[in-house]
Each structure stands twice: as structure tokens, then as C-alpha cells.
Amino acid sequence: MRISQNSMAYNPRSLVMYVDMNSFFASCEQQENEALRGKPIGVITHPSEYACVIAPSVEAKVYKVKTGMRLPDCRVLCPQMIPVLARPYIYRQYHMKIMEVLNRYCNDVIARSIDEAVMNLTSYQMVYPDPMELARSIKADLALTCGQFVKCSIGIAPNAFLAKLATEIQKPDGLVRITPENIDSYLEKMQLTDLPGIARANEKRLKMIGIHTPLQMRHSSEALLRRAFGGVVGNYWHRRLHFMETDIYQNDYRGMSATRTVSRQQRQNPQALESLFISLCTRLEQRMVKQKAFCKEINFYVRYHDMPAWDVKIHLNQPTQDALEMRRYIEQRIEVFEKERKYKLFNTSVSGIGVSISNFVKGERVQYGLFDNKINQDKARAVLYEIKDMYNKNIVRKASETVQPHEMRDAIGFGSVKDLYIADGVTDRSTNQYLLQDDSPEGDKNKLTPKQAKELARQNNKQPAKPKQNTLVWANEDDKYYYPPNDDKWEGVDIMGDAQTDFAA
């Protein structure tokens, strides 16, 4: 059975291994910077006093710090937590190392997210008769390749869902195997919301028909679960809990989106908002080129902190892949909006901007007009991104990429990593190389040399000067500690010298 296929029948020989990295972003930062090791840290997307933590370290989780909490709330639980600015390209590089290790053991591997992968070992059981020993070998290989601070939990089961569930049972650095013989003993200790995919709404549905535990759910009839979930989803849950495969297969993109929260400084500058809008369109163009796809529907929205959001849906007669063309369509709607409302769409109340695209057409199915020059433009665009992949993302740049380059930082999520892998035929390489490069033109400023890391550790042991009341101490940005003296500026003190630096919050 290939990993791209789901089997609705139970195969008693089926064997799936799920690899889930522990506190992945934070662990990568600790591996890169020895001064952060063993300390509670929280990875954040931007330097702000109210930023959200997207990845707390194992040490921070001991204090009940959770993903999505804002820094002030984290500080209440863990006053000594160190905020660390996210470096997405570093995490992608570690992801590629992890996938390289897993592919040494099995050709049937798929990345489920930036920090998770699933291996179909059904056809490898003669090669690996003891899956637990195989898992221990993989853990040792990952430690050797990625470093001892990048740990994982591994789950083994007859299907991908139960293997994923097994990784949740023992963290961090866990290893659990679920079999038909022991599944009930694990499920009887769990709550419904411990099952991946069961949140409060689904929990309420199940309890309304008398199902209060995962064990009861497993031993309920398929018809009852279908009634609880209102359709075929109930069938899928019954099959998951009875070892049938429903989750390995992944569909192609149904939609792509690029969104950003607007900082206080950005919303004061209309040009910065325009530049952010341009960056979002350019990001979507790059993703479509990599997937050899064109879109026929564009959605655009602007959120405000003191008035209702505005959004528009645009249907296209001719599919497009071009960022400039997407911008023109959206700007036409913005012009109509501003004439009707008598005020600017991009103003000082903006809190977020987003562009999404859908209704995709494969490149080979796009119909061009007889005298249409777009075919040459589309070919040139593909060559542009191929050059970026082969050499460097800054080796050649579109004019729109040179406008306000710092308005949009690289961002990363825990979802699909399809954009990291190039569609067949784009280039000889299998990965999107410039997603593995530093987003800033200055290069990797966060990465410390051994000498700098040693000095930072020495400074940490000495305890730096106490910051002003109600301020935060930052690490891992230009090798400095940062003390925010007010809401708009962050003053940086270089720990390697006396240089002073300012940058916007």
C-alpha cells in the first residue's frame, strides 16, 4: 500500500509510524543557541510586547505556557521566560534534515506538517521485524543529524490516526505502540478532547447521544457515530478507531492564503500597508508557480480594530498566476469602495490584511487566446523562480519585491508543507530552495557563532542589568538584549560591545 492511498478495509498487517517533533521551533532555537538550552523560551513571530507565543519550549510548558498565549499572560505563569524571534528558514532546514533521515529507512514517507511525518511500514516488516527497535534507531539517527536538543515522540499503530494518537500519550521523547490488544487500555484513560480532531463542539455532539469517553466511542456502532456527526464523518471515526486507514491520503490544494496582522507602526504608514498588500500577492504568486497552478477566484479582506471588516470576492474569467494582475483586480474594487465610503481603505485603524485564492486550474489546462501574450509572461515567471531556486532568492528580484522589503517578515505555521516541495518538472531539485534561506537581505543575523554563544551564556550567568519596570528582556535578535522604553521603539544594547540600535516594534 502506497502512502498516498487510503484503504477502507482493515489490513491486519498494516503498520504505520508517526514522528512528531517535540516543541519543534523552540527546540531548533535551543539547538542553535546553547545559551537558551535548559531555559523556558517562547518563539514569537514579531518583537512586540503583546506578541503571541507560537512555540513554547519544553521547559516553558512545565509552567503551563501554551501555544497561542500572549506574552503578558505567559509572564504571569513563567516570569523568567525568554521570548525568541522566529526564524522560519531555520525550521525548514531542520525539517529537511528530518525528512532525509526518515527516507533512509523507508521510501513511503510523507510530511504531514513542518514538525510531523508519517511512515508506511506495511511493506517493510520483513526488513524491520521489531518496529520499537526501529523507532529507537530513528531517534538516535535524528539526534546525530539534528542535535540532541531536537527530540521527537514516535507512535506506532495499524493506521495513521492511531499512530498520531500514540505520539500524544507520552511526551516529550516518547515511544508508544497501539495494537488491537492494548487500544482499550489507552482509550479508557483519555477524554474525548484528547482525540486529535475532537474539540468542544464535537465533544458536545457525542455527549448528546450518550458517548462520554473515547472507549465508548470506539465501541459505538457506525450508524450511531454517523448520527452524532451528521454524515460520513461518523463513518470515518468508526473506521479510524477500528484500525482502518482514512487519513494518510492528502488532497491537492483547494485554496491558498497569505495573511498578516498589522503592527502599530505599520498602520500609521499608508505606504507600509500598501507594501504589505503587495508582499501578500507576491507570496501567493510564488506558491502558485511552485505548484504549477493558476487561480480563478480571489478573496481580499481588511480587518479594523474599531469598525467592521471589509472583504470582497472576485471571480476571474481567465485564470491568473501573476501578482501584479491580482493586485490590479483588488485595487479596482478598493477604488470603488473608497468612492462609495468616502474614506481610505488603508488607514490607521487597520489591524490585519489577507489575500486568499481558490478555484485552481492546472498549468497545462490553461487556455490562452490566439493573440494573447500571457503565455510568454507565464513562461518567464516560471524561469524567474527556477533561477531563484537554483542560485539564491535575491539573485534576481521583481520590482515589487524591492519595495519596503522589511514590511513583511517570513512566517511559518504548523500546517501543510506542500509549498516546500516543488512540483515535478520545475527544476532538478526537489525542494523550494529559497524557503530555506534567510528572509532578510542582511543574512542570518540571529545565528550565533560559538564565541558569541559563549559570551551570551556568560552574560546570562552574570544576570544583565535589571530592565525598567513592566518591560521585557529579549534575546536572539542581532545578538542583543532589548528593553522597550515605550510603546513604539525598542532600544537594543549589543552584548558584544556598546553599540546602540533601534528598530520598530
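Just so you know, the numbering used here puts the end of the sequence shown at 509, numbered straight through with nothing missing. Ideal Cβ positions, reconstructed from N, Cα and C, are used throughout, including at glycine.
Compare the beta carbon distance of residue i and residue j with 7 Å and say whether it is the shorter of the two.
i	j	result
A121	L106	yes
H529	E226	Because the chain spans 5 through 509 in this model, residue 529 falls outside it and cannot be assessed.
N363	E289	no
K296	G367	yes
L117	G259	Residue identity check: residue 117 is Ser in the sequence provided, not Leu. Cβ distance not < 7 Å, so S117 and G259 don't count as in contact.
T197	E185	no
G238	L245	no
C32	Y95	yes
I187	V180	no
K155	N26	yes
I379	Y372	yes
V370	F298	yes
S355	V266	yes
Let me make sure I understand the geometry here. Which of the options has the alpha-carbon closest to that of residue i?
i	options	result
K43	E63, F28, Y333 and F29	E63
A164	Y22, H319, A147 and K300	Y22
A30	E38, V47, N37 and N15	V47
A55	V66, R41, E38 and D77	D77
L280	L196, I357 and R222	I357
N321	I252, R307 and V365	V365
R91	I202, I58 and K155	I58
L166	S355, L199 and M194	L199
V80	K70, Y93 and R291	K70
D511	E390, R332, A161 and S355	Since the first residue shown for the chain is 5 and the last is 509, residue 511 is missing from the structure and cannot be characterised.
F233	G201, S261, I252 and M248	G201
K168	V20, L146, Y67 and E342	V20
V66	K155, R264, Y93 and K175	K175
H50	R74, S61 and L40	R74
N15	I86, P60 and N124	N124
H223	I252, F247 and A205	F247
Which partner residues does residue i have in the DSSP bridge list?
i	result
I45	I86
E301	H319 and S362
R271	For R271, which the question treats as bridged, DSSP gives no partner whatsoever.
R307	G356
A121	V23 and A115
G259	S362
P60	G46
A1	Outside the displayed span of the chain (5 to 509) sits residue 1, for which this structure offers no information.
R264	I357
T286	T286 is not bridged to any residue.
C156	M25
V69	Per DSSP, none; premise fails for V69.
L179	I158
R74	C56
T324	C299
W314	V306
Quick one: what's got a C-beta closer than 6 Å to residue i's C-beta in the same chain, skipping five residues either side?
i	result
E192	L219
Y240	T250
M292	Q325
V88	E33, I45, V47 and N480
A262	L284, R287, L288 and V359
R331	C285
R108	none
E446	Below a pLDDT of 50, predicted positions are generally treated as unreliable, and E446, at 46, falls in that range; the measurement from the model is reported next regardless. Closer than 6 Å at Cβ, skipping near neighbours: no residue.
I want to see whether chain D comes within less than 7 Å of residue i, judged by CB atoms only; does it?
i	result
M330	In the structure shown, chain D does not exist; there is a single protein chain.
Near residue i, what residues of its chain come up, given a Cβ to Cβ distance below 8 Å and the 5 sequence neighbours on each side ignored?
i	result
R17	T126 and Q129
G72	C56, V57 and I58
E104	T149
R385	E289, V293, Q325 and D326
L210	L196, I202, H216, M221 and A232
For residue i, I'd like the list of residues in its chain whose CB is within less than 7 Å of its CB, leaving aside the five on either flank, ordered along the chain.
i	result
T171	Y22, D24, S157, I158, G159 and G178
M194	P218
N111	none
E523	What the structure shows of the chain is the stretch from 5 to 509, and residue 523 is not part of that stretch, so it cannot be assessed.
M311	S353
C82	P44, A64, Y67 and V69
K101	T149 and C150
F153	S31, Q34, Q35 and R41
V340	none
D382	Q325
Y308	S353, V354 and S355
Practice prompt. Evaluate contact between the stretch 272-291 and the stretch 316-330, counting only Cβ atoms and requiring at least three cross-stretch pairs below 8 Å.
Written response: Yes, since at least three Cβ pairs between the stretch 272-291 and the stretch 316-330 fall closer than 8 Å, the two stretches touch.
Worksheet item: Is the number of C-beta pairs between the stretch 347-357 and the stretch 270-279 that are closer than 8 Å three or more?
Response: The stretch 347-357 vs the stretch 270-279: in contact.
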